[in-house]
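These notes concern the structure reproduced below.
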Amino acid sequence: MSLESHSSEATPAGIADLPPDIQLVWHGVNDAINLRQFLASDVAWCELDVNPDPEGRELILRHDSFAERPLQPGEALLTLRETLPRLLDRGKSIKLDFKAGDSWIDAGLALVDRHHIPTDRLWLNGDLDLLGETTIRRMAARYPGAIVQVPLTSLPVQPERGEEFAAQLASLRGWGINRFSVGWPYHKAPGLIDWLKQEGHAFNLYGVRTLEEFLQAVALHPAAVTADFNFPQWGYYGRGSGHNGTYYAYAPA
872 MSLESHSSEA TPAGIADLPP DIQLVWHGVN DAINLRQFLA SDVAWCELDV NPDPEGRELI
932 LRHDSFAERP LQPGEALLTL RETLPRLLDR GKSIKLDFKA GDSWIDAGLA LVDRHHIPTD
992 RLWLNGDLDL LGETTIRRMA ARYPGAIVQV PLTSLPVQPE RGEEFAAQLA SLRGWGINRF
1052 SVGWPYHKAP GLIDWLKQEG HAFNLYGVRT LEEFLQAVAL HPAAVTADFN FPQWGYYGRG
1112 SGHNGTYYAY APA
């Protein structure tokens, strides 16, 4: 499928019409409303933003840290501990986006182990400087078959530096990283997607907001697309991750 193909082919009517080898991920399932919408959908993967709670006692689902955005009046927090079994009971696959490092990653992985998440339904993501080489190697060894990913924007060497960038990705692959995440605006860097494919690097496109962007992202045939699923046209009413306290709102039908 190519970008041009949408002009000559019927517009897909739903995800059943999309290539089955592209993993689709519901972005930021961090609150009860978004969780309910995701569980009612036929989307297989969800992304959970993993942060410590305000007291530093356990892991909760929230995009922003409490230093960035304090706990809001009436804000109800979902815990990772309570959410994982609900997802697994419904046969869903789980992408953990770690927003805090060190012992919090250990606590998250302990919950992965406690709930026996199958490695083919597990995806571990975090900025390179948050995870670090030791943790990445440990994740890859501990969960063979799982996706271990870092976003390209978190790498010290960026694509403009050509051979250095290529060497960096090869080194990271040696640590056990098997996927790189590319922001939707960032994918337009000249030749980046073609180069990643040519070099055999699997990639996920994220930051996809609208159905139009989603179809354009799918047409690039990445390994995965992470989107808000703000697609009322398809019956999906994704709420968004809550970044900066912002959510999608829908008018009553």
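Heads up, the sequence shown is in this note's numbering, so the first residue is 872 and it goes up one at a time. We put the CB at the ideal spot given by N, CA and C, even for glycine. Given the structure is predicted, the values throughout are model-derived calculations rather than measurements.
| Asked | Found |
| --- | --- |
| Residues of its chain near G1071, where Cβ-Cβ distance is below 8 Å and the 5 sequence neighbours each way are ignored | none |
| Distance CB(Y1107)-CB(S936) smaller than 8 Å | no |
| First through last residue of the beta strand (DSSP E) which encompasses S964 | 964-969 |
| Enclosing alpha helix (DSSP H) for N905 [first to last residue] | 903-910 |
| For L948, the first and last residue of its enclosing alpha helix (DSSP H) | Taken as a continuous stretch (DSSP letters only), L948 belongs to no alpha helix (DSSP H), as it is neither H nor E. |
| Buried versus exposed call for S873 [16 or more other C-beta atoms within 10 Å across all chains shown] | Residue placement at S873 is poorly supported in this model, since its pLDDT is 33, which falls under 50; the coordinates still yield a value, given next. Looking at its Cβ environment, which holds fewer than 16 other Cβ atoms inside 10 Å, S873 is exposed. |
| Range covered by the beta strand (DSSP E) that runs through L895 | 894-897 |
| Contact under 8 Å by Cβ, A1161 with S964 | A question about residue 1161 goes unanswered here, because the residues of the chain that appear run from 872 up to 1124. |
| Sequence-distant residues of its chain with Cβ nearer than 6 Å to R928 (five each side left out) | none |
| Per DSSP, cross-strand counterpart(s) of K918 | The displayed chain sequence assigns Glu, not Lys, to residue 918. Answer is K966. |
| Short Cβ contact (8 Å threshold) for D920 with G899 | yes |
| Residues near Q1104 by beta carbon distance below 7 Å, same chain, minus five either side | L1082 |
| Whole-angstrom distance between R1032 and F1074, CA atom to CA atom | 19 Å |
| Rounded separation between I1018 and E946 - CA only | 32 Å |
| CB of A1095 within 8 Å of CB of I886, strictly | no |
| Proximity winner among L982, G972, T990, relative to D1000 (alpha-carbon distances) | G972 |
| Three-state secondary structure (DSSP) of N1115 | helix |
| Distance between L1002 and D984 (C-alpha atoms, nearest Å) | 18 Å |
| Buried versus exposed, by CB contacts within 10 Å (16 or more), I904 | exposed |
| Residue range of the beta strand (DSSP E) that includes V1019 | 1018-1022 |
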